[in-house]
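Chains as they are written, first to last, in this note's numbering: chain Y, 1 to 807; chain U, 1001 to 1173.
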């Protein structure tokens, strides 16, 4: 018998070539609103900064005003005597409670770092490093007392500039390490020398990427509650990786992992900022254990700027070889990045540079590639992984070079991309750096983008504007994005960070469904897509599914949400668990109804005949029998109303996605006015189109921030000069354009759902598109800008250099 | 020396109306309105993102106008009417706007959302359907790090249109 959608009597069956995802009652691919956010619109969230516990103390940290200084003496007498103060604790005292750590991973061969303490013991290595903890019954009283702590500093030579740090005569921040070079990687593929020697043109440029930081609107916050009665520590923490934190808190506080519970409710923004181990958070937990009382730490914005991880801060020399017909023959990069005085624990500070080496040239067929990356210690705030780690840098260098090459040979930027992007029918294949691609769609994405933006019309508008003395530019950026990482990111390097995630789906006696899952929610909509997946797998209405995340006591073990992995990895675990529970439900229903389970289905929350969707029994009735009248079930039959499944991608180390962005903008008086931005990206199966689009848009704007405004400005003494919300500029609504988003869909066959990640695609490509658009706008004036952020002073200075008399 | 000045009062008794209810509390003279709302009254929907008046997360209504609660001392609010996101939610005044934010996914982490809604409600109260640029301009004092703003502008615009349609329908009826 031929089965098909038109076969009478099988309205809900699947046709050949269709999967269970295509069921008519599927929530997969539908833009359902997030079920759990109405409360956030009412001011009824539960952020860590809102939490109050009985006997709770507030901790304020005294931080080093020097970028590098020896601590000669600390006088805490006056602070201890101040009103409301419960304790004042120095680094030496806290070192007895919390052991130090070293942020290295074994697969980043040669990476070195120095031991870092929760509070610095005898030396401060950056402006903002926490030195002394002051605990009082209110935050205000703790701040008052903190001003009374007297520290005698001996200023030490400051290593601020990353290039100076590499000079032979430079002071060495950690003398035991020998020099300031934390990590170096070299890569050579194909025949770069031969390719450059035979290229018709070689184009070179120096690219700069300023330091910026995440500025999560809720600063980092923690309430640590050590209960001496149970010997357990509960850490309420805005984190992206609860089980990682459970492991690390236990390891350094002398506890078993089972003695630590990490709870993560609402998180006011993360973007990678909240996936790291922070010394002041370790100190907060250690202080709770030490004082046997709950301790609350909420960073204020001024200390966030010098204690949240920074990111980027790369200087890249780039070179491209191109033939007269537009064929790209070679890429070469030399990247130097300054990471502060310590490699951040446990994910390290070498991953961004490593990614730059991996990703540069990635969208293109060019087989000849040479790269070097050097990762350098300096006396500034530590840097580590922030949204789209390495991608904005690799993409801007690659796409900047491609545009410069096109300009050199007089080719349209679209044509040079068409000529060199990996063909859509060439997969599976690998990049020159060795990245394995399962299925990408660069050409389909570019075609779609050109249609959306009406490229020809935009070029006409640009020419018309230019005739009126208005400088408008169009910029493109093709990119690849690493998502759904397996063990290759951290596990193989020895970090106890799970690459596998788990879902436990259960049905209660009313037929309501709960899914406990190890991936976490920080606003992306994780809970929503998990609920959609579970509801679809089970055949129940979405509102019957509740999702529980962010609690190491109450979810399966797993990695959490970072590297665009929640939907692709957590979603597949939930899908498999949902299918397993459905099979269990049908087995029970078969026993009750004396029917073959294969003839039954669950649709709309009801057990039905698979053939004609005739209602047989409600899930509530099934639950009533299972839980209250199991005596009526066949002898020896045991109903299982909970199913647990785990998932980790195994065929590919990463599920690569791809996309292309375009920017249209105007440059006037040094200011860049963004007129419109377009994105086409391919994240495989789209679970919730609206959520994917909003991830892309949010990511684009963070990328635009780095390209145009955001910059941690330091002086030669290692002092951050703009460490306030008034001085550090983040994108505002009035400066941002509307962002059009569309998709090409190339599912991964590594999972049944086929979903890849989408959280970082926007950030990966936006800076490159803007840079290319600015240079397109200013090309008639002979100006090329390659140092981000493209601030008005930089643009005006470049224009002045190009035309000194006109300026 | 300032020996001729009277000693500063460290505490005072504050009487004001918060979300329609009379409140009388002993407060420190230096306590900000934001800390007073969050810590003294437990109204944690007013968020603190910067505590120096830039990010807009602590936006509340003071005698009908929106202010930064982190830049106002509680002591300045003697006899005032203060409205927070909890009050606006319970009264139903912005239920349509909240639903538009929810359905359009105009919030992700939700931390900026109470302040953003306060600011948007003020613009909508002026009536009419503002241009997208005008919405963007009005909300530029409220930072959002998650959404990229596009969805927020959509939600405010759609609410303005729906209210204008309703006003027209009522006028025509």
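Here a beta-carbon is modelled for each residue, glycine too, at the ideal position from N, C-alpha and C.
All values derive from a computational prediction rather than experimental measurement.
- Close partners of residue 1054(U) in chain Y (Cβ separation under 9 Å): 301, 724, 725 and 726.
- Per the Cβ contact rule, the region 88–98 of chain Y is not in contact with the region 260–270 of chain Y (fewer than 3 Cβ pairs under 8 Å).
- Residue 464(Y) is classed as exposed because its beta carbon has fewer than 16 other beta carbons within 10 Å across all chains shown.
- Chain-ordered listing is empty here: chain U has no CB closer than 9 Å to the CB of residue 486(Y), the nearest sitting near 27 Å.
- Residues 1096, 1097, 1100 and 1124 of the same chain have their beta carbon placed closer than 7 Å to that of residue 1159(U), with the five preceding and five following residues left out of the count.
- Shortest Cα-Cα distance from residue 729(Y) to any of 1055(U), 1132(U), 1016(U) and 1090(U) involves 1055(U).
- According to DSSP, residue pairing for residue 661(Y) in a beta bridge involves 477(Y) and 679(Y).
- Where residue 1078(U) is concerned, there is no enclosing alpha helix (DSSP H), because DSSP gives it neither an H nor an E.
- Per DSSP, the beta-bridge partners of residue 222(Y) are 237(Y) and 297(Y).
- For residue 685(Y), the CB contacts under 6 Å within the same chain, skipping 5 residues up- and downstream, are 747, 753, 754 and 755 in chain order.
- Listed in chain order, the positions of the region 1010–1024 of chain U with a beta carbon within less than 9 Å of a beta carbon of chain Y would be empty, since no residue qualifies.
- CA-to-CA, the gap between residue 189(Y) and residue 39(Y) works out to about 53 Å.
- With fewer than 16 other Cβ atoms inside 10 Å of its own Cβ, residue 554(Y) counts as exposed.
- A contact between stretches requires three or more CB pairs, one per stretch, nearer than 8 Å, and the region 782–796 of chain Y fails this requirement with the region 469–480 of chain Y.
- Distance from the CA of residue 484(Y) to the CA of residue 411(Y), rounded to the nearest whole angstrom, comes to 36 Å.
- Around the beta carbon of residue 79(Y), 16 or more other beta carbons sit within 10 angstroms, so the residue counts as buried.
- Going by DSSP, residue 61(Y) is part of the beta strand (DSSP E) stretching over 57–63.
- Against chain U, the CB of residue 33(Y) has a partner CB under 7 Å away; the residue lies at that interface.
- C-alpha of residue 1106(U) to C-alpha of residue 1117(U): approximately 10 Å in a straight line.
- Annotation for residue 91(Y): the continuous alpha helix (DSSP H) segment containing it runs 91–94.
- Taking a beta-carbon distance threshold of 7 Å, residue 1089(U) counts as an interface residue toward chain Y.
- Residue 690(Y) belongs to the set of residues whose beta carbon lies under 7 Å from a beta carbon in chain U.
- Chain Y places a beta carbon closer than 7 Å to that of residue 1110(U), counting this residue as a contact.
- Rounded to the nearest whole angstrom, the C-alpha separation of residue 125(Y) and residue 791(Y) is 30 Å.
- Collapsing the DSSP output to three states places residue 654(Y) in coil.
- Three or more Cβ pairs closer than 8 Å define a contact, and the region 55–62 of chain Y meets that threshold against the region 146–154 of chain Y.
- Residue 1139(U) has a beta carbon lying within less than 7 Å of a beta carbon in chain Y.
- At a cut-off of 7 Å between beta-carbon atoms, residue 1155(U) makes no contact with chain Y.
- About 7 Å separates the beta carbon of residue 446(Y) from that of residue 478(Y), a gap short enough to meet the 8 Å contact definition.
- Sixteen is the threshold: when 16 or more other Cβ atoms of the shown chains lie within 10 Å of the Cβ of residue 45(Y), as they do, the residue is buried.
- At a cut-off of 7 Å between C-beta atoms, residue 1033(U) does not count as an interface residue with respect to chain Y.
- If one requires a minimum length of 4 residues, the alpha helix (DSSP H) runs lying completely within the region 104–157 of chain Y are 139–146, in chain order.
- For residue 1163(U), the uninterrupted alpha helix (DSSP H) segment begins and ends at 1150–1172.
- DSSP places residue 490(Y) outside both helix and strand once states are collapsed to three, so it counts as coil.
- Residues of the region 241–262 of chain Y with a C-beta atom less than 9 Å from some C-beta of chain U do not occur.
- Spanning the alpha carbons of residue 1104(U) and residue 440(Y) requires a straight line of approximately 29 Å.
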